[in-house]
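*Asks:* This structure is in structure tokens; I'll ask about it shortly.
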Amino acid sequence: MENKKLTTNKGHPVPNDQASITTGEGSSYTLLQDVHLIEKLAHFDRERIPERVVHAKGAGAHGYFEVTNDLSKYTRAKFLGEVGKKTDVFVRFSTVGGEKGSADTARDPRGFAVKFYTEEGNYDLVGNNTPIFFIRDAIKFPDFIHTQKRHPQTNLPDADMFWDFLSLTPESVHQVSILFSDRGTPYSFRHMDGFSSHTFMWYNENNEYVWVKVHFKTTLGNKTFTNDEAVKMAGENPNHATEDLYNAIKDGNHPQWDVYVQIMTPEEAKEYKFDPFDITKVWYHGDYPLIPLGKMVLNRNPENFFAEVEQAAFAPSNFVPGIGPSPDRLLQGRLFSYEDTQRHRLGANHHQIPVNRAKNVKIANYERDSYMNVDGNGGSGPNYYPNSMNGPEPDISFNPPTIEVQAIIDRHTRSTEDVDFVQAGELYRRVLDKQNKSNLVSNIVGHLGNANENIQYRQTALFYKCDEEYGTRVADGIGLDVARVKELASMTQEERVNSTRS
Ligand code: NDP
1 MENKKLTTNK GHPVPNDQAS ITTGEGSSYT LLQDVHLIEK LAHFDRERIP ERVVHAKGAG
61 AHGYFEVTND LSKYTRAKFL GEVGKKTDVF VRFSTVGGEK GSADTARDPR GFAVKFYTEE
121 GNYDLVGNNT PIFFIRDAIK FPDFIHTQKR HPQTNLPDAD MFWDFLSLTP ESVHQVSILF
181 SDRGTPYSFR HMDGFSSHTF MWYNENNEYV WVKVHFKTTL GNKTFTNDEA VKMAGENPNH
241 ATEDLYNAIK DGNHPQWDVY VQIMTPEEAK EYKFDPFDIT KVWYHGDYPL IPLGKMVLNR
301 NPENFFAEVE QAAFAPSNFV PGIGPSPDRL LQGRLFSYED TQRHRLGANH HQIPVNRAKN
361 VKIANYERDS YMNVDGNGGS GPNYYPNSMN GPEPDISFNP PTIEVQAIID RHTRSTEDVD
421 FVQAGELYRR VLDKQNKSNL VSNIVGHLGN ANENIQYRQT ALFYKCDEEY GTRVADGIGL
481 DVARVKELAS MTQEERVNST RS
């Protein structure tokens, strides 16, 4: 109900919103009894909720997903059940490392988070615009992010800590190579692809399962800034991508992505030349072609940024029947960490905020109370299970497939292997053209050139291990001795680290 009369938050009429209640006409004392003033200041003091530690700067929009190809033999997920079926979505794009006011054109992966409001509850696909990631074990995540943010003393981005960590984490070199190509500075959120990045399980009504990766391909084609263009835009319009998305949708230019999946059987997964659950690797298109699944269209801007975009809570743990996790170690950590972040940021009842609410299902369980409980809190119904009060019952028919595991419990260290350099080498040799190769090298040189020389050598040896020409050109660009780079590249990671200590 629209009300043109100004009220307090409790609905009381406000007679004057320009003058506090004071003891006189000139300079004077303000009275504590001005409850409207007190409420206004107190609410203002509490306007900020904790900024996301990662993905703080973002923009979002509403739209829909439509099935264009029936793959329901692989998954019982109802929203994928038939061609033509449409499901509402909310999508949030973001940079990763920068603060809420940082520039949209920063060299950074872009978050690509999709919430599907399905009839079986909300399904979140919380991906990025890159098919891979820097690390493959969640225990490394807080360290990695610290190195991409600000130095604890100077409060400045720091090339030493940035490259020190990456050069000590060689599995990152594939993602580093994508990040420093021009794909690391997308022109806008509309002009980039999205990826599940992780491998997920799809299972059908018979509990037969396959492994899948999801790809969103922009119908506008990938468009990127060069490094110079991105830096210039960061100064001229740090909100370039946010503005581009908002204006495009406002003008009726609704961005669209064609959605595909790659599908691998459990038997194939045991034989594939790369660990199919290792998020530092892709599945080659030649081995697992993209199979059409649907399309996603964004056609409605948020009415209120804070309510819908800032409060949007995505978590990869939000699955629907027919979709489940894989033994990807980074995913396993994210299954905890994202939902936990939302509990911290928005509270235990963040699922009751309209943008996060399951639109097509009535929530029925025995969780109760906590801050900001606004959905009736289960009313007079029982708050325990089992009960004989006709409360909600679990349904065994939704049990996902059982997975057999033979386990040795340990902190299994994954050492660096030659296979960790293969795909970055393929990217350099086979995918990037002459101009893109040059841009990649000069983007790395411009950044790594600011780090300590020992770190430069250690990191350049990793590029050399991917491809001799790649490593040689980076070495030449920085002014390093190529023979020394080659020698370091021939060592084990442990030897290389020992040989490049400060
Ligand atoms: P293909 O040779 O079949 O295709 C190349 C892929 O690379 C396309 O998806 C293309 O995207 C993408 N691409 C082009 N330039 C860049 C860039 N600067 N950064 C990241 N991706 C880029 O791929 P293969 O499957 O044979 O894999 C070869 C290499 O391609 C991989 O090692 C990986 O580095 C990269 N790649 C592979 C993907 C996969 O899922 N298999 C996905 C993305 C990259 P587009 O078609 O939009 O131009």
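Residues 1 to 502 in the numbering used here are what the sequence shown lists, from first letter to last.
Glycine included, every Cβ here is placed at the ideal spot set by N, Cα and C.
Just so you know, these numbers come straight off a predicted model, no measurement behind them.
1) If you compare alpha carbons, which of Ala-269, Phe-65 and Tyr-29 is closest to Leu-293?
2) Counting only runs of 3+ residues fully inside the stretch 450-494, write out the beta strand (DSSP E) ranges in chain order.
3) Under a three-way DSSP split, which group does Ala-61 fall into?
4) Hey, how far is the Cα of Thr-49 from the Cα of His-344?
5) Whole angstroms are fine: how far does the CA of Ser-188 sit from the CA of Phe-93?
6) Just how far apart, CA to CA, sit Arg-190 and Arg-430?
7) Leu-298 bridges to which residues according to DSSP?
8) Whose C-alpha, out of Arg-368, Asp-375 and Arg-329, is nearest the C-alpha of Pro-382?
9) Locate the alpha helix (DSSP H) running through Tyr-504, then write down its first and last residues.
10) Using the C-alpha atoms, what's the distance from Tyr-209 back to Arg-76?
11) How about Trp-283: is its Cβ closer than 7 Å to a heavy atom in the ligand NDP?
12) Could you check how far apart the C-beta atoms of Val-261 and Leu-480 are, in whole angstroms? I think they sit under 8 Å.
13) Use the C-beta contact count for Trp-33: other C-beta atoms within 10 angstroms, 16 or more gives buried, fewer gives exposed.
14) Starting from Thr-87, trace the beta strand (DSSP E) in both directions and tell me its first and last residue.
15) Run the proximity test for Lys-222: is its beta-carbon closer than 7 Å to any non-hydrogen atom belonging to the ligand NDP?
16) If you draw a straight line from the alpha carbon of Leu-80 to that of Asp-193, how long is it in whole angstroms?
17) Arg-334 by DSSP, collapsed to three states: which one?
18) Starting from Gly-425, trace the alpha helix (DSSP H) in both directions and tell me its first and last residue.
19) Does the count of Cβ pairs from the stretch 459-471 and the stretch 162-179 closer than 8 Å reach three?
20) Report all residues from its chain with a CB closer than 6 Å to the CB of Glu-308; omit the five preceding and five following residues, and keep chain order.
21) How many angstroms separate the CA atom of Gln-311 from the CA atom of Gly-127?
22) Could you compute how far the alpha carbon of Thr-22 sits from the alpha carbon of Arg-46?
23) Counting only runs of 3+ residues fully inside the stretch 117-170, write out the beta strand (DSSP E) ranges in chain order.
24) Would the stretch 51-67 count as touching the stretch 85-99 if we require 3 or more Cβ pairs under 8 Å?
*Replies:* Considering the structure as presented:
1) Phe-65
2) none
3) strand
4) Contrary to the premise, residue 49 reads as Ile rather than Thr in this sequence. One C-alpha to the other measures close to 10 Å.
5) 10 Å
6) 26 Å
7) Gly-63
8) Arg-368
9) What the structure shows of the chain is the stretch from 1 to 502, and residue 504 is not part of that stretch, so it cannot be assessed.
10) 10 Å
11) yes
12) Going by Cβ atoms, the distance from Val-261 to Leu-480 rounds to 42 Å, so no, they are not a contact pair.
13) Per the sequence shown, the amino acid found at residue 33 is Gln instead of Trp. With fewer than 16 Cβ atoms within 10 Å of its Cβ, Gln-33 is classed as exposed.
14) 86-95
15) Reading off the sequence, residue 222 comes out as Asn, not Lys. Asn-222 Cβ: within cutoff of the ligand NDP.
16) 21 Å
17) helix
18) 422-426
19) yes
20) Pro-302 and Val-355
21) 18 Å
22) 25 Å
23) 121-128
24) yes
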